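Colleague:
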Amino acid sequence: MKRHREDERSGDVADVVDARTSSPTRGAVPRASDSAETIQTTAACANENDDDGVALLCLTDNADAVKQVKKLNLGVLPVQCPEFCYRRALRDEFRLSWAATIRTSRTNANSDSERTSKAAIAGGIIAEYEALNKVVHIRTLAVEPRHRRQGIGRRLIRQLIRQTQEQLIEQEAQRVDSIRLHVHVGNDDGIAFYKSVGFNEEARLEDYYRHLEPRACLVLSYALADPKQVDPKAGEE
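Last residue of the sequence shown: 757 in the working numbering, with the numbers rising by one and none dropped.
#1: Going by C-alpha distance, which of R659, G644, G643, E690 is nearest E650?
#2: Under DSSP, the beta strand (DSSP E) around N720 begins and ends at which residues?
#3: Based on the DSSP output, what are the partners of C605 in its beta bridges?
#4: Just tell me which of V655, I711, E726 has its CA closest to the CA of N720.
#5: Quick one: residues in its chain with C-beta nearer than 7 angstroms to the C-beta of A609, no 5 flanking neighbours on either side, listed in chain order?
#6: Who pairs with H622 in a beta bridge, going by DSSP?
#7: By how many angstroms is the C-alpha of A723 removed from the C-alpha of G644?
#8: Roughly how many angstroms separate the alpha carbons of A619 and L725, rounded to a whole number?
#9: What did DSSP end up calling S617 once you bin it into helix, strand or coil?
#10: Find out if the Cβ-Cβ distance for the pair L738, T684 is shorter than 8 angstroms.
#11: Using a 10 Å radius around the Cβ and a threshold of 16 neighbouring Cβ atoms, would you call H731 buried or exposed?
#12: Could you please give me the residues that DSSP links to T660 through a beta bridge?
#13: Counting C-beta neighbours from all protein chains within 10 Å, is the total for N707 16 or more, i.e. buried, or is it exposed?
#14: In angstroms with no decimal places, state the Cα-to-Cα distance between V656 and Q600.
#15: Consult DSSP for L744 and reduce its assignment to one of helix, strand or coil.
#16: Note down, in chain order, each residue of its chain lying with its Cβ closer than 7 angstroms to the Cβ of R615, except the 5 sequence neighbours on either side.
#17: Do the CB positions of I622 and V589 come within less than 8 angstroms of each other?
#18: May I have the straight-line CA-CA distance separating D727 from K638, to the nearest angstrom?
#19: Can you tell me where the alpha helix (DSSP H) with P677 in it begins and where it stops?
#20: What first and last residue would you give for the beta strand (DSSP E) that runs through I699?
#21: So the candidates are E648, L740, C605, A583; which of them puts its Cα closest to the Cα of E613?
#22: From E557 to Y606, what distance separates their C-alpha atoms?
In structure tokens form, the structure reads like this:
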């Protein structure tokens, strides 16, 4: 296999978080602030809402949500994606990048009956369509540490699969062979997580990372060759 070196522009850091584990693979990293900013949820973007207080929010045309996903990534990812990944997510017409929010409500101090509902970012996925390679590429997937082991990562993956099928394949008639990501070879929990939601090992790239040891990564992919076989609920617990 040809040796590759990590491209700082690639943003391929989906490997360093695992929604099923309590910490990133590569040692201790700073937590996102427990006093995270909150945002108002918008019904136009929230596509999946559950009774557990978790809702999904599209990052397209939502600069505040993109800013908070970036803040989350800065707090938990040892390797950061470049700024253009966030700009692309903000402008993405296919709506492939999403945030998971935790709804909170607070009673107005001036009125016991008036409550304000807001949502704090608990996780996020940044992905984009690469027409030349006919793949959707996951750039980052992160879940705030205190909200892990709640199925948030699975929900974000499930949403990406659904959007790929509905937006790209069905509505836009684009060919998409797979959803792809890179994962550090030492991230056993992350690899197990992605395989549990239907990803398979496609290749191993040596000398891929500059700042992680070992430097190798695995390329994992979720096949979309036959749209009729895509399960929008993939990874559901």
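For glycine and all other residues, C-beta sits at the position ideal for the given N, C-alpha and C. Being a predicted model, the structure only gives us computed values, none of them experimental.
Modeller: By the coordinates alone:
#1: If you number the sequence shown from 1, residue 650 lands on position 130. By alpha-carbon distance to E650, the top candidate from R659, G644, G643, E690 is R659.
#2: As a working note, residue 720 is residue 200 in the sequence shown. Per DSSP, N720 belongs to the beta strand (DSSP E) from 720–725.
#3: Residue numbering aside, residue 605 sits at position 85 when the sequence shown is read from its first letter. None; C605 has no bridge partner.
#4: Here the question's residue 720 lines up with position 200 in the sequence shown. The candidate whose alpha carbon is nearest that of N720 is I711.
#5: Your numbering for residue 609 matches position 89 in the sequence shown. The beta carbon of A609 is closer than 7 angstroms to those of L579, V586, S617, I646 in its chain, skipping five residues each way along the sequence.
#6: Mapped onto the sequence shown, residue 622 falls at position 102. The residue you asked about is not His; residue 622 is Ile in the sequence shown. Per DSSP, V574, A640.
#7: Numbered from 1 along the sequence shown, position 124 holds the residue referred to as residue 644. Numbered from 1 along the sequence shown, position 203 holds the residue referred to as residue 723. Cα atoms of G644 and A723: separation of roughly 25 angstroms, rounded to the nearest angstrom.
#8: Position 99 of the sequence shown, counted from the first residue, corresponds to residue 619. Position 205 of the sequence shown, counted from the first residue, corresponds to residue 725. Cα to Cα, the separation comes out at about 29 angstroms.
#9: Here residue 617 refers to the residue found at position 97 of the sequence shown. Correct three-state label for S617: coil.
#10: In the sequence shown, counting from the first residue as 1, residue 738 sits at position 218. In the sequence shown, counting from the first residue as 1, residue 684 sits at position 164. No. Outside cutoff.
#11: Residue 731 sits at position 211 when you count from the first residue of the sequence shown. The residue is exposed, with fewer than 16 neighbouring Cβ atoms inside 10 Å.
#12: As a first step, residue 660 must be located in the sequence shown, where it is residue number 140. Answer is I646, bridged to T660.
#13: The residue given as residue 707 occupies position 187 in the sequence shown. Result: buried.
#14: Within the sequence shown, the letter at position 136 stands for residue 656. Within the sequence shown, the letter at position 80 stands for residue 600. Approximately 19 angstroms between the Cα atoms of the pair.
#15: Here residue 744 corresponds to residue number 224 of the sequence shown, with the count starting at 1. Taken through DSSP and simplified to helix, strand or coil, L744 comes out as coil.
#16: Indexing the sequence shown from 1 puts residue 615 at position 95. Here the set comprises C578, T580, Q683, Q687.
#17: Here residue 622 is taken as the residue at index 102 of the sequence shown, counted from 1. Here residue 589 is taken as the residue at index 69 of the sequence shown, counted from 1. Going by C-beta atoms, I622 is not nearer than 8 angstroms to V589.
#18: Here residue 727 refers to the residue found at position 207 of the sequence shown. Here residue 638 refers to the residue found at position 118 of the sequence shown. Roughly 43 angstroms between the two C-alpha positions.
#19: Working through the sequence shown from its first residue, we reach residue 677 at position 157. According to the sequence provided, residue 677 is Ile. The question's Pro does not apply to it. Secondary structure note for I677: its alpha helix (DSSP H) is the uninterrupted segment 672–683.
#20: Sequence index remark: in the sequence shown, residue 699 carries index 179 (1-based). Annotation: the continuous beta strand (DSSP E) that includes I699 extends over 698–704.
#21: On the sequence shown, residue 613 is found 93 positions in, with the first residue counted as 1. It is E648 whose Cα lies nearest to the Cα of E613.
#22: The residue given as residue 557 occupies position 37 in the sequence shown. The residue given as residue 606 occupies position 86 in the sequence shown. No answer about E557 holds up, because its pLDDT of 40 lies below 50 and its placement is not dependable.
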